[in-house]
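Protein chains in written order, with this note's numbering: chain A, 30 to 348; chain B, 954 to 1513. C-beta atoms are modelled at their ideal positions from N, C-alpha and C, and glycine is treated no differently.
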Amino acid sequence: MSLGMYFIRRILSLIPFTIGISVLIFFMFALTPIDPVNSVAGLDPGLQKNRDRIAASWGLDKPILVRYWNWAYPMFTRLDFGESWTSKGVPVTDKFVPYVGNTAWLFGINFILSLVFATVLGIVASTNHNSVFDQITLFMTLVGFSVPNFVLGLVIQQSVSSWSNQRISTIFYTASGKALWENWPAIIAAEVTMLIGGVAFSTRLVRSQMLNVLRQNYIRTARAKGLAERTVIYGHALRNALLPFVTVIALSLPGILSGSAIIEQVFNFPGVGRSLIRAAQAFDMPTVLAVNMFFGTLSVFMLIIADIAYGIVDPRIKF
Amino acid sequence: MSTVQESEHVTPTEGKYNSSLSSKVISGFSIIAVLVAIGVILFGTIYLLVSIIQYQDFNHQIEIAKAQYEAEFRAYVDAGNDPSTFEAWNPDRYKPTDSDGGYLNPTQTLRTGIFLILGAAIAIWVINKIYNLYGQKSISLSNEGISITSFKLAYSASSPVKLTFFPKKFIPWESVLDIVVKKSDSVFATLNRNLNKAVIYTMDTSYTIESMSFQNSSTLMDKLRIFGDSLDERVIDFGYGAQLAVVWRRMKRSKVGVLGMLIVVIFTVIAILAAVFTTIWPPNEISHRFVEWTPFYLRNPNYGSFNSADIKAAPSLTQADGSPGYLFGTDHLGRDMFSRIFFGSFYSILIGLIATIISVVLGGFIGAASGYMGGVVDNITMRIADVLMVLPGLPILIMIGATFTPVFKTLNIEGAYYIVVFSVFSLISWSGTARYVRAEVLALKESEYIQAENVLGASNYRIIVKHIIPNTMSTMIIIFTLGVAGSIQSVASLAFLGFGSQSTLVWGDDLASAIRDSDFFSGKVWWVVTFVSLALFLLTLGFNLMGDALRDALDPRLKE
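Structure representation (structure tokens):
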């Protein structure tokens, strides 16, 4: 099978995956024994007589399978996620699509930086195995791995604020109407917060992979034939160590993206995660479902890209 | 099998050794203590039954209150008033009361019942241990072996009434691998230095005989020592608990692992204390809300929550008169942060544990079954696991939280909201465990002893439960330890993002309310976030350190 066929087959596997995700997400919400109308009508008796009207306007008066079809069919055919429950007449896409770009570059920068830092740290730690630096790195990565990222964000906010003697809101939150880059202290702080967790996770991976590879026979052969240590490590060991790393990083992406909600909430960053939280607080369920679908599909997409990249990079894999 | 050469060992001469007076006294007390503990268990069961009735009563009273509220509202609107000016539903105004007029708290009743039953069960277990070691019994040495006869109730020699509490144990000399006589390490040995104990190792278990329990114990110990010395000069250490001892010995070598374990143990003790204190003196009860001090020299964690806005205090580390009074300071409502962290530890850890237990057990069973059965079952399960694997965790958690929040706004039952949300979440978070366990089962399935079981005609259920799952236990323990840390963080994240529950105090709650407050933005109230964050971080670090050390200790491929 050629690379092209493999590519097409992997892309086609996106279809059952997205359908599976949509079924899981929809029924997890719809099968809970809770009437969504309560969120609005709740215990307000004045709204009780409007219950049927609210339910009908949200499409809740139909059987559950019909509801799923009405939700999923426009979504898959023309990317129409329906209408928001809280703001009348506003399509759900308007609620989160404008923020996708912001989240993308915030996380893109973080992703690239964390890969670079992790690779460097992992190489230095593994080539000096059991040295003081290695031990410190190992312990620090565990510490960085254990800090919940919202906790780190709040502590950074507090310490910068008391150090510069300014209010947190003036440093980290921008007034509306300003450009995003004018909020640079918040963006840097958010990047640092995410980097500590991300680097800790990836460094451990790179280090253990490198240690594994450095024990192999072909590394000994490379050294025995007199290659420079640089060539051995960067030419032979690193390339082989990073191969399994690609898949693991791709699999960890859903987790990284999940963290976006918290980071964006802490630093008041206008991204998809913050729009998810606002929608969930207002009980705007179509938006919540749509953002979940977006994150899920994105994860599958990343996984497929990683698979294909793995196939291209690793010469041992035959299609 | 037997390492004993028939010609080498010296069979002890016959003899019968009866209980000493102290052992009879201990037996008497044990019987009384067990009877008391059984009484406590019955009492606890009554508490559980009462709590069920109280839950029904609770819901019933809430329903009546709602109906009354609706009627009031209708009357208000019919009188020509504007509906929007009517007072909103306030769950505190309609607190169900019991027959004495106090606040009806079914959760507290349930928790008291569980505590009583658990406490009594632990007590019975401990008493049983003590009884087995020091209780009244007699030992007979014969040419065939040792027979240990436990306590019997015999009212008189002529009486036909004989109650045998524990059956007679017979250990043939052939099955004895070794007998070691050494100084006793029991509590009683600190009072009397001359006490010895003999440990009899057999193939599958070990018996300990304390010298204190017998008359003429020095003769007995001498005979056992002589027999032990005649056996091979080695202690055979694969009896009861030997595997655990190996794991513990390996675990001890990792200093950071022991540190992690220590942190986890300390936090667990704090959580249990918090649970006991809440049961004795629930801070959430109406009559306790405006009392500043609990009876345990701690401040009431809710003191200040229900005060009106004019007594609202700014966050501070000191008391109003300037004297230092708050260990971790107060938050924007003047609540003591130390006792909030202390009392919040219980539900944070409990919910983390529940969520992880459900997902690990579910994942273990699904992974074991799908790996063992293979074929269509495996295919379908793994495709579902693939989809679950790519679902983003936190957004799904937010969705579940948002779905359940409206219900639990009116139903103030402690802990219920988080337990429901995380139980639902566990149903989708099992895929990681299932994958690991499945991979291990696929390797195990090919091993000879599973194939032998198959040939012997064992059922799938038996093979999975008796052989496969115990063999994947070490993987599950590691996943569980690392998973608890993640779950505790998830609980805090959910509370922090504003999808918490008013009736349950967990560690993220204070962060959520703190950052909504204007005092926080001044950047001067560092203690509001620091100490809660530190507690969360330390506990997570503890679990991660412990998990890492356990991974090394449980790995059979790593040699000593």
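Which residues of chain B have a Cβ atom closer than 8 Å to the Cβ of residue i, listed in chain order?
| i | result |
| --- | --- |
| G325 (chain A) | V1343, L1344 and P1345 |
| V184 (chain A) | V1482, T1483 and S1486 |
For residue i, would you say it is in contact with chain B, using Cβ-to-Cβ distances shorter than 8 Å as the test?
| i | result |
| --- | --- |
| F58 (chain A) | yes |
| Q195 (chain A) | yes |
| F55 (chain A) | no |
| G288 (chain A) | yes |
| I50 (chain A) | yes |
| F312 (chain A) | yes |
| P273 (chain A) | no |
| I93 (chain A) | no |
| I278 (chain A) | no |
| P177 (chain A) | yes |
| Q187 (chain A) | yes |
| N67 (chain A) | yes |
For the beta strand (DSSP E) that contains residue i, what are its first and last residues?
| i | result |
| --- | --- |
| G968 (chain B) | G968 to Y970 |
| D423 (chain A) | With chain A running from 30 to 348 in the structure shown, residue 423 (chain A) is simply not present. |
| Y1160 (chain B) | S1159 to E1163 |
| A1151 (chain B) | N1149 to T1155 |
| D90 (chain A) | Here D90 (chain A) belongs to no beta strand (DSSP E), and DSSP marks it neither H nor E. |
| T1102 (chain B) | G1098 to S1103 |
| P1125 (chain B) | K1122 to P1125 |
| I1372 (chain B) | Run containing I1372 (chain B): none in the beta strand (DSSP E); it sits in the alpha helix (DSSP H), A1369 to S1379. |
If you draw a straight line from the C-alpha of residue i to the C-alpha of residue j, how long is it?
| i | j | result |
| --- | --- | --- |
| D109 (chain A) | L41 (chain A) | 21 Å |
| M34 (chain A) | D123 (chain A) | 36 Å |
| G1324 (chain B) | M57 (chain A) | 26 Å |
| L1514 (chain B) | G968 (chain B) | With chain B represented from 954 up to 1513, any question about residue 1514 (chain B) goes unanswered, as that position is not in the structure. |
| S1443 (chain B) | I1225 (chain B) | 21 Å |
| M104 (chain A) | I197 (chain A) | 41 Å |
| R1469 (chain B) | Q310 (chain A) | 14 Å |
| Q1557 (chain B) | A1445 (chain B) | The shown model of chain B, from 954 to 1513, leaves out residue 1557 (chain B), and the question about it has no answer. |
| V1003 (chain B) | G1368 (chain B) | 19 Å |
| Y1087 (chain B) | D1182 (chain B) | 25 Å |
| P1248 (chain B) | W1234 (chain B) | 8 Å |
| T166 (chain A) | L89 (chain A) | 54 Å |
| G111 (chain A) | V121 (chain A) | 6 Å |
| I341 (chain A) | A218 (chain A) | 36 Å |
| D336 (chain A) | S175 (chain A) | 29 Å |
Measuring only between beta-carbons, confirm whether residue i sits less than 8 Å from chain A.
| i | result |
| --- | --- |
| K1048 (chain B) | no |
| I1304 (chain B) | no |
| K1512 (chain B) | Reliability fails at K1512 (chain B), whose pLDDT of 48 lies under 50, so the model's placement of it is uncertain and the value that follows must be treated cautiously. Not an interface residue. |
| L1450 (chain B) | yes |
| V1348 (chain B) | Rather than Val, the amino acid found at residue 1348 (chain B) in this sequence is Pro. So yes, P1348 (chain B) belongs to the interface. |
| S1446 (chain B) | yes |
| N1497 (chain B) | yes |
| T1065 (chain B) | no |
| F1357 (chain B) | yes |
Please check the pair residue i and residue j, which I expect to be a contact at CB under 8 Å, by giving their CB distance rounded to whole angstroms.
| i | j | result |
| --- | --- | --- |
| S328 (chain A) | L286 (chain A) | 7 Å |
| V1485 (chain B) | L1503 (chain B) | The Cβ separation is near 27 Å, so there is no contact. |
| I1403 (chain B) | A1321 (chain B) | About 12 Å separates the two Cβ atoms, so there is no contact after all. |
| A990 (chain B) | I1083 (chain B) | With 8 Å as the limit, A990 (chain B) and I1083 (chain B) do not qualify as a contact, their Cβ atoms being about 13 Å apart. |
| I225 (chain A) | G302 (chain A) | Incorrect: roughly 18 Å between the Cβ atoms, too far for contact. |
| V1340 (chain B) | L332 (chain A) | Incorrect: roughly 11 Å between the Cβ atoms, too far for contact. |
| T1309 (chain B) | S1440 (chain B) | 5 Å |
| R252 (chain A) | V261 (chain A) | 6 Å |
| F55 (chain A) | Y97 (chain A) | 5 Å |
Run down chain A in chain order and give the residues with a C-beta less than 7 Å from the C-beta of residue i.
| i | result |
| --- | --- |
| Q1168 (chain B) | Those within 7 Å of Q1168 (chain B) in chain A number zero; the least Cβ separation is about 57 Å. |
| M1352 (chain B) | F58, A309, V317 and N321 |
Name the chain B residues whose beta carbon is nearer than 7 Å to that of residue i?
| i | result |
| --- | --- |
| S198 (chain A) | F1474 |
| V172 (chain A) | L1494 |
| S190 (chain A) | G1476 |
Under DSSP, the alpha helix (DSSP H) around residue i begins and ends at which residues?
| i | result |
| --- | --- |
| D336 (chain A) | M314 to V342 |
| V228 (chain A) | W213 to L243 |
| V1129 (chain B) | Looking at the DSSP string, V1129 (chain B) is not in any alpha helix (DSSP H); the run it does join, the beta strand (DSSP E), is V1129 to K1136. |
| K1398 (chain B) | S1384 to K1398 |
| L53 (chain A) | L43 to A59 |
Can you find a heavy atom of the ligand ATP that lies under 7 Å from the Cβ of residue i?
| i | result |
| --- | --- |
| S281 (chain A) | Absent from the structure shown: the ligand ATP. Ligands present: none. |
Quick one: which chain B residues come within Cβ less than 9 Å of residue i?
| i | result |
| --- | --- |
| G284 (chain A) | P1345, G1346 and L1347 |
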